[in-house]
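There are 2 protein chains.
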Amino acid sequence: MIHSKRTVLTLAVLLTVASLARAQSDPLPSWNDGPNKRAIVDFVARVTKEGSPDFVPVAQRIATFDNDGTLWSEQPIYFQFAFALDRVKALAPHHPEWKTQQPFKAVLDGDMKTLVASGEKGLAEIIMTTHTGMTTDEFTRTVFDWLITAKHPTKKRFYTDLVYQPMLELLAFLRANNFKTFIVSGGTVEFMRAFAEKVYGIPPEQIVGTSFVTKFQVNATGVPVLMREPKIDFIDDGPGKPVGIQKFIGRRPIFAIGNSDGDQQMLQWTAAGTSARFMGLVRHTDAEREWAYDRNSHIGKLDRALDEAIARKWVVVDMKNDWKVIYPPER
Amino acid sequence: MIHSKRTVLTLAVLLTVASLARAQSDPLPSWNDGPNKRAIVDFVARVTKEGSPDFVPVAQRIATFDNDGTLWSEQPIYFQFAFALDRVKALAPHHPEWKTQQPFKAVLDGDMKTLVASGEKGLAEIIMTTHTGMTTDEFTRTVFDWLITAKHPTKKRFYTDLVYQPMLELLAFLRANNFKTFIVSGGTVEFMRAFAEKVYGIPPEQIVGTSFVTKFQVNATGVPVLMREPKIDFIDDGPGKPVGIQKFIGRRPIFAIGNSDGDQQMLQWTAAGTSARFMGLVRHTDAEREWAYDRNSHIGKLDRALDEAIARKWVVVDMKNDWKVIYPPER
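Chains A and B are the protein sequences, given in the same order. Just add 542 to wherever you are in the first sequence, counting from 1, and you've got my numbering. Just add 542 to wherever you are in the second sequence, counting from 1, and you've got my numbering.
This is how it looks when you write it as structure tokens:
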């Protein structure tokens, strides 16, 4: 069969137009068609359609997202912990005693076995040393600096490039439908605030997380500062998540999504509201493009929450099958 | 001089149109013209004008308002304390022991002298008893019910009618210029959340205040609840205000206004930022229409903050001279 040049051109133009139209009408282009994508799109349509029995007024369209493992990767170690280890190395010249003092020696030697053996006490010591004892402004600068220099050990990309493209689309889709999007994470607030606005479009005042006690002080030159103290103020994980939601947001979400047992109570709290609502989990099923882990993982363990999600028919996103791409294209 | 009917009518129409136009172009109609009103209007013009050296991007237009004495009255006792006293009376039938037990007996007897003599410990006991030991939803309902029934002892109006009309206009003016308006108050969060959205247009997630510890529990019927525990979580007053601002908002305000020494550190923190900024105090100077008090008041004491405001040329609103009306018209 012979086509004239003109016919081929016309067809090409038509196909391009059709694909553009499809892309424009699809708010979640990185999601494969299927029941999970449909559940999201249907939910948003139902709660935003005036006159629908499931209509929810704009002010109540609160959506909460876990961060680690839900909006960006969390393997082989939480990215915030990678930051802490890098800070230990950066601070080491000012701490000659760390050459012999655990758990710092283990960090400097790259001896992960000894580090893990130092247990919660050792890990807490590393977090406190690297996250407190400075002003809020100083801490934020160290996070900024790290984010534009450090790269992930195996993916070889900036950590902020390891956010999930399908979730960025979901955040934008919800906001386009007048949802207010919040992070509700076990990670610490100030760490996330350093990048969440630029990367996720979520402003500092919409981030709920674990926090340290801070103290107002007027420094020697008369300038007021907020000092970060080596004391936990609030742990935003597990049963702490509904507490954090009430404390910082004061409204029950109608949309919540997480990826681990630490999100179970947030989903239960969301599910117990009265209007239409959406509960979801991201399941890490893609060993090739990301990581595959759930019930037996030390990081992002997903076990009891998965059982409850299945029993209650919450959406369980299957990363491998639901997502066309995992990360945004290389910058 | 004789006017034709027609001339009079024309004049009347012209005057009406002129006054309407003036009202429309005046964002703060309840403020008398003068340096304070001009300072507010000029500040907003400067930070919102693109290309102006003082331009501030929308995301950074954070405005924080104290509540008691700044957005609504606080005499003869904080309205939240009036709520607590009324709750003691409402709960008394379930607590026969209060007939003989202080400080409750004093409340039931209307014996303010003994009540005041019970000191901070007694007042804290009344607050704890009336504000904790129930779920967040239950507490909110008691506040709702109180607000639509209780009336101020001398003004004989609902407490939510005793908000300052000029401040409502200021809030609306700032929001019309893409400021995000927050309350930062020593009052407790859940109490304010019960009315702030309807009365001030400030949503629950933009209220920073003193809070109680809450605990996530699943009740006997399998429903998750948040229980309010008789333990202070955070005191949002004095040096606590910059801490609360950082904790909940995560950005430094460019506009802050309070009325007492408890707001001094919030104003210092605001003043220490780098872009254009506005710091203000409301001074209670109107014994006739509201109350007149400052340096020697037990409630809303304004002493050190006033000295600093004068020294640093912050705006000190003079209620009597700056405000045409105090409260909105009767409903």
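A virtual CB, placed ideally from N, CA and C, is assigned to each residue, including glycine.
Which first and last residues belong to the alpha helix (DSSP H) in which residue i is found?
i       : result
F681(B) : T678 to L689
K655(A) : M654 to A659
A587(A) : P577 to T590
Q707(A) : Q707 to A718
F700(B) : Counting along the chain, F700(B) falls outside any alpha helix (DSSP H), and DSSP gives it neither H nor E.
Q617(A) : Note, Q617(A): premise wrong, no alpha helix (DSSP H); not H, not E.
F646(B) : F646 to D651
F733(A) : V731 to R735
Look at residue i and residue j and say whether their C-beta atoms are less than 8 Å apart.
i       : j       : result
Q602(A) : I796(A) : yes
D860(A) : T827(A) : yes
W833(A) : P708(A) : no
F700(B) : K693(B) : yes
Y706(A) : W811(A) : no
L570(A) : E711(A) : yes
F724(A) : T752(A) : no
L823(B) : V785(B) : no
D805(B) : D608(B) : yes
T677(B) : V767(B) : yes
G792(A) : V731(B) : yes
T612(A) : N801(A) : yes
A626(A) : I669(A) : yes
F621(B) : H673(B) : no
G743(B) : A714(B) : yes
V589(A) : V600(A) : no
T726(B) : V741(B) : In the sequence on display, residue 726(B) carries Val and not Thr. The answer is no: Cβ separation not under 8 Å.
E850(A) : F790(B) : no
Y869(A) : L650(A) : no
I604(A) : K783(A) : no
Does DSSP put residue i in a helix, a strand or coil?
i       : result
K855(A) : coil
R794(B) : coil
I604(A) : strand
V726(B) : strand
K641(B) : helix
V767(B) : strand
V867(B) : coil
D778(B) : coil
K693(B) : strand
K862(A) : helix
F597(A) : coil
P746(A) : helix
I787(B) : helix
G800(B) : strand
D628(A) : helix
P635(B) : helix
Does any residue of chain B bring its CB to less than 8 Å from the CB of residue i?
i       : result
S753(A) : yes
I725(A) : no
F797(A) : no
A814(A) : yes
L710(A) : no
P772(A) : no
D635(A) : For the record, residue 635(A) in the displayed sequence is Pro; it is not Asp. Taking Cβ atoms only, chain B never reaches closer than 8 Å to P635(A), which makes this a no.
V765(A) : yes
V785(A) : yes
T678(A) : yes
L768(A) : yes
Answer with yes or no whether the minimum CB distance from residue i to chain A is below 8 Å.
i       : result
I749(B) : yes
A851(B) : no
Q806(B) : no
V824(B) : no
K789(B) : yes
L809(B) : no
P599(B) : no
F758(B) : yes
R793(B) : yes
R735(B) : yes
D649(B) : In the sequence as displayed, the identity of residue 649(B) is Val instead of Asp. No, V649(B) lies away from the interface with chain A (no Cβ there is under 8 Å from its Cβ).
L844(B) : no
L689(B) : no
T684(B) : no
Verify the contact flag: residue i, CB atom, against every heavy atom of the ligand HEM, threshold strictly below 7 Å.
i       : result
P781(B) : Ligands displayed in this structure: none; no statement on the ligand HEM is therefore possible.
Need the endpoints of the beta strand (DSSP E) that residue i sits in, please.
i       : result
F758(A) : I749 to V760
Beta-carbon of residue i versus every beta-carbon of chain C: anything under 8 Å?
i       : result
V731(A) : The structure shown has no chain C; the protein chains it does contain are A and B.
Beta strand (DSSP E) segments (min. 3 residues) lying fully within the stretch 809-859 of chain A: 820-827
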